[in-house]
Amino acid sequence: MAQKTFPSFLVGTWKIENKESFEKWDLLNETTLKGFSYTEKNGEILVSEYLEISKSGKKTKYFATVKGQNMGKTIAFVLTKSDSVVVFENSGHDFPQKIMYRKISDNELWVTVSDKNNKGFAYKMFRQTASLVAVDPSVMNPEYDDLLANKLGGDDLGMKSYIWVILKTGSNTSTDKNFINECFRGHMNNIQKLVKEEKMIVAGPLGKNEKNYRGIFILNVKTLDEAKVLLQADPAVTEGLLEAEYFLWYGSAALPEYLPYADKIWKIKP
3 MAQKTFPSFL VGTWKIENKE SFEKWDLLNE TTLKGFSYTE KNGEILVSEY
53 LEISKSGKKT KYFATVKGQN MGKTIAFVLT KSDSVVVFEN SGHDFPQKIM
103 YRKISDNELW VTVSDKNNKG FAYKMFRQTA SLVAVDPSVM NPEYDDLLAN
153 KLGGDDLGMK SYIWVILKTG SNTSTDKNFI NECFRGHMNN IQKLVKEEKM
203 IVAGPLGKNE KNYRGIFILN VKTLDEAKVL LQADPAVTEG LLEAEYFLWY
253 GSAALPEYLP YADKIWKIKP
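Sequence positions in the sequence shown follow this note's numbering and run 3 to 272.
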């Protein structure tokens with residue numbers, strides 16, 4: 003079986019033929035591409051979709067988050083072919099089930115979006131050179147720090163994907179105080195561990211409410227599955243004292259930068 007190659011040829015800004023619609027890809031590292039689709043009108047950029055291609059082990063996946071679709075959930079497609087054509091598939095999704103990029107030349111792509119029977123739509127895209135990409139100077143940031151942006155993994159809008167977790171009262175109604183204390187001690191230990199690993203950037207309790215929501219986390223990981231693995235080490239969750247609900251959240255890539263200051267303003271250890 004031929005080894006699948008990483009589609010780094012996508013890096014750049016691409017314009018759909020005869021439309022003011024674009025797709026932009028940046029190479030964050032040798033195994034991760036971040037991108038987004040957008041339209042441009044009167045100098046204003048309107049983002050419609052957030053994209054990512056990442057390789058983990060032998061698998062390469064394509065992640066798409068379309069604004070206003072799929073209840074905000076990210077849909078994953080797996081790379082199945084990458085010779086003259088790059089194909090990503092998800093047979094369990096309603097539409098599309100297949101996304102194909104065919105490289106015509108260094109500056110031309112043919113893109114097909116279809117179902118399993120190859121019914122769908124297709125279009126040609128052209129690479130935009132720096133002189134062709136129209137950028138309204140009024141939307142450029144004079145304070146932009148390229149090194150910081152790359153360190154934090156932000157896109158061109160200074161944003162990135164996180165996982166938002168809402169903790170609510172679980173199904174375990176035990177009144178054993180020793181058991182409860184032990185579980186919540188482990189709960190706090192896991193929080194501190196994840197903060198040190200830079201995988202948890204927000205954690206805190208909620209006030210009493212009718213929905214039995216107890217607290218929130220914001221996790222610095224890309225997928226729901228990654229988030230669930232992190233909370234498998236939280237005994238309050240695994241023992242059912244708390245129940246976790248997971249949501250994809252798109253926020254400022256600069257959010258983790260407050261953490262060093264948070265460690266300088268407490269008098270009593272939480």
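Built from N, CA and C at the ideal position, the CB exists for glycine as well.
Same chain, Cβ closer than 8 Å to residue i, five either side skipped, listed in chain order
| i | result |
| --- | --- |
| residue 215 | 168, 169, 170, 208 |
| residue 158 | 26, 28, 38 |
| residue 213 | 170 |
| residue 1 | Because the chain in this structure spans residues 3 to 272, residue 1 falls outside the shown range and cannot be described. |
| residue 33 | 8, 56, 57, 58 |
| residue 110 | 126, 127, 128, 129 |
Spatial distance of residue i from residue j (CA atoms)
| i | j | result |
| --- | --- | --- |
| residue 135 | residue 271 | With a pLDDT of only 48 at residue 135, under 50, the local geometry of the prediction cannot be trusted, and no value is derived from it. |
| residue 3 | residue 107 | Only weak support is given to the placement of residue 3: the predicted model assigns it a pLDDT of 44, under 50, and the question is left unresolved by the model. |
| residue 12 | residue 116 | 20 Å |
| residue 112 | residue 195 | 46 Å |
| residue 177 | residue 84 | 57 Å |
| residue 68 | residue 263 | 35 Å |
| residue 119 | residue 72 | 22 Å |
| residue 148 | residue 173 | 47 Å |
| residue 244 | residue 175 | 10 Å |
| residue 186 | residue 114 | 50 Å |
Cβ-based burial, residue i [other Cβ within 10 Å; buried from 16]
| i | result |
| --- | --- |
| residue 50 | exposed |
| residue 260 | exposed |
| residue 124 | exposed |
| residue 273 | Nothing about residue 273 can be read from this structure; the chain reaches only from 3 to 272. |
| residue 87 | exposed |
| residue 133 | Low confidence applies to residue 133: its pLDDT is 46, below 50, so where it sits in the model is not reliable, and the reading given next is rough at best. Per the 10 Å Cβ criterion, exposed. |
Extent of the continuous alpha helix (DSSP H) run through residue i
| i | result |
| --- | --- |
| residue 62 | Residue 62 -> not in any alpha helix (DSSP H); beta strand (DSSP E) instead, spanning 61-68. |
| residue 182 | 179-198 |
| residue 221 | Here residue 221 belongs to no alpha helix (DSSP H); instead the beta strand (DSSP E) covers 215-221. |
Neighbourhood of residue i by C-beta distance below 6 Å, restricted to the same chain and skipping five residues each side
| i | result |
| --- | --- |
| residue 130 | 15, 17 |
| residue 82 | 89, 91 |
| residue 226 | 248 |
| residue 251 | 164, 166 |
| residue 205 | 193, 219 |
Neighbourhood of residue i by C-beta distance below 7 Å, restricted to the same chain and skipping five residues each side
| i | result |
| --- | --- |
| residue 30 | 36, 155 |
| residue 201 | 221, 222, 223, 232 |
Extent of the continuous beta strand (DSSP E) to which residue i belongs
| i | result |
| --- | --- |
| residue 28 | 23-31 |
| residue 80 | 77-84 |
| residue 247 | 244-254 |
| residue 48 | 46-58 |
Any chain C beta carbon closer than 8 Å to residue i
| i | result |
| --- | --- |
| residue 83 | Considering every chain present, this structure includes no chain C. It has just one protein chain. |
Cβ pair count under 8 Å reaching 3, the stretch 38-52 against the stretch 20-30: yes
Contact between the stretch 251-259 and the stretch 147-161 (3+ Cβ pairs under 8 Å): yes
Three CB pairs or more closer than 8 Å across the stretch 62-70 and the stretch 187-195: Because the criterion of three Cβ pairs below 8 Å is not met, the stretch 62-70 and the stretch 187-195 do not touch.
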